[in-house]
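Working notes, beginning with the structure itself.
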Amino acid sequence: MSVVLITGASRGIGAACALAFAREGYDVAINYCRSEEKANQLVTEIKALGARAFAVCADVGDSAQVKEMFEAVRRELGSVDVLVNNAGIAHTGLLTDLTDDEWKRLIDTDLSGTFYCCREALKDMILAHSGAIVNIASMWGEVGASCEAAYSAAKAGVIGLTKALAKEVGPSGICINAVSPGVIMTDMMAEYTDDDLAALKEETPLNALGTPGDIADAVVFLASTKAKFITGQVLGVNGGIVI
Ligand code: NAP
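Number 362 in my numbering belongs to position 188 of the sequence shown; there are no gaps in the numbering.
What follows is the structure in C-alpha cells.
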C-alpha cells in the first residue's frame, strides 16, 4: 500500500487531497498545525473509507518539527511514497507595510516548509529509487499579485524549487511537479468580498471559481503512474484565468 503525506491537510485543498488519495487506496498522513480537531475528524472519515490514516502535528516552517513528523509517519504508516507540499498562508497588504516578522513567517511556511519536507521525503525516495512530490504553488507565483508580494515571491520560489529538483532527482526515479491553483473557494479566500469574488469569476474564462476537489484531482493524477513521464511541470488549475 502506498503512503502519502499531505501538509496542511486539516482544511481546504489539503483535506480534499487527503480524501481523494484515500479513495485511490493510499494510506494517508494528515499534517496539521493548529486545527487538531479537524485533522482528527478527517482521520475518522478516511478510516471509514477503509484506508489507514494518521494525523501529525508540525509547523512546516520549523525544520526540527518536520524531521520529527517524518519519523512519526515512518513509525505509523511506513516511508512516504508521495509527498504533497500544500501547507500555506497568505498575507495581503502593501509591501511598504510588511514587517520583517510577517515576511519571515510567510517565507518560512510557504517556501522553506516545502524545502524541509522535500529534503526529508527524498531520503527514503532516493533509496527506493521511486516517489512523487507535488508542490502546491499559485497563479500569483507565475504572474505576481499586487499587495501579495511576499506570497507571490514564496510561490515563485516553490516553482523554481520544483523545476530544479526535477532535474536533480529525475535520475533517481522521482517525479516532482507543481499544481498552480487559480481562485479556489477555501478559508484562504475569506477576506475577499462578494464583489471581489464576482469580479474574479468574471475574469475567469470558464466563468467559475474552483473547488478544493478540482485541485485534488490534478494532484492525484500527477502522483499516479499515469503521470510517470511528467516531471518539472507547473500545471495550472485555474479555469483559464492565467494562460
Ligand atoms: P486554507 O484553507 O487556509 O488551509 C491552509 C492549510 O495550511 C491548513 O490546513 C493549515 O493547517 C495549514 N497550515 C498553515 N500554516 C501551516 C504550518 N506552518 N504548518 C503546517 N500546516 C500549516 O488554504 P487553502 O486554500 O486550502 O490553501 C492550500 C494551499 O493552496 C496553500 O499553499 C495555498 O497557498 C495554495 N493556494 C490556494 C489558493 C486558493 O484560492 N485557495 C490559490 C492558490 C494557491 P492548520 O489549520 O492546522 O493550521
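The C-beta atom is built at its ideal place from N, Cα and C for all residues, glycine as well.
Open item on the list: DSSP three-state label for P355, please.
Closed with: It is a strand residue.
So the beta strand (DSSP E) L159 belongs to, where does it begin and stop? The structure shown does not extend to residue 159, since the chain spans only 175 to 417, so no value can be given for it.
In the DSSP assignment, find the unbroken alpha helix (DSSP H) run with G331 in it and report its ends.
-> Where G331 is concerned, the enclosing alpha helix (DSSP H) starts and stops at 323-343.
Worksheet item: Does DSSP classify A390 as helix, strand or coil?
Response: A390: helix per DSSP, three-state reduction.
- prompt: Buried or exposed: C207, going by 16 or more other Cβ atoms within 10 Å of its Cβ?
  reply: Taking every protein chain shown into account, the CB of C207 has 16 or more other CB atoms within 10 angstroms, so this residue is buried.
- prompt: From what residue to what residue does the alpha helix (DSSP H) around D275 run?
  reply: Element bounds for D275: 274-281.
**Message:** Once DSSP output is grouped into helix, strand and coil, what is the label at G315?
**Reply:** Look at G315 here: in three-state DSSP terms it is helix.
In the DSSP assignment, what are the bridge partners of F244? Looking at the DSSP assignment, F244 forms no beta bridge with any residue, so it has no partner.
Report task. Can you have a look at D368 and say buried or exposed, based on whether 16 or more other CB atoms are within 10 angstroms of its CB? Result -> With fewer than 16 Cβ atoms within 10 Å of its Cβ, D368 is classed as exposed.
| said: Below 6 angstroms, is the gap between the Cβ of I358 and the nearest heavy atom of the ligand NAP? | reply: I358: yes, Cβ under 6 angstroms from the ligand NAP.
Name the DSSP beta bridge partners of N259, please? Bridge partners of N259: N309.
For the beta strand (DSSP E) containing A189, name the first residue and the last one.
Unbroken run through A189 is the alpha helix (DSSP H), 186-197; no beta strand (DSSP E).
*Residues of its chain near S237, where Cβ-Cβ distance is below 6 angstroms and the 5 sequence neighbours each way are ignored*: Result list for S237: Y290, in chain order.
Item to complete: Please classify N205: does DSSP put it in a helix, a strand, or coil?
Response: DSSP places N205 in strand when its eight states are reduced to three.
Which residue or residues does DSSP assign as beta-bridge partners of L409? L409 is bridged to V353.
Could you check what DSSP says for A232 in three-state terms: helix, strand or coil? Look at A232 here: in three-state DSSP terms it is coil, with no helix or strand label.
Q. Using DSSP with H/G/I as helix, E/B as strand and the rest coil, what is V217?
A. When secondary structure is reduced to three states using DSSP, V217 falls in the helix class.
For L371, which of helix, strand or coil comes out of DSSP? DSSP places L371 in helix when its eight states are reduced to three.
What do you reckon, are the CB atoms on H303 and L280 nearer than 7 angstroms?
No, Cβ-Cβ distance for H303 and L280 is not below 7 angstroms.
- Where does L179 sit, in a helix, a strand or coil, going by DSSP? L179 falls in the strand class under three-state DSSP.
Open item on the list: Is S237 a contact residue of the ligand NAP, with contact defined as CB to any heavy atom under 6 angstroms?
Closed with: S237 has its Cβ no nearer than 6 angstroms to any heavy atom of the ligand NAP.
- Let me know the secondary structure DSSP gives A227 once reduced to three states. Of the three classes helix, strand and coil, the one that applies to A227 here is strand, per DSSP.
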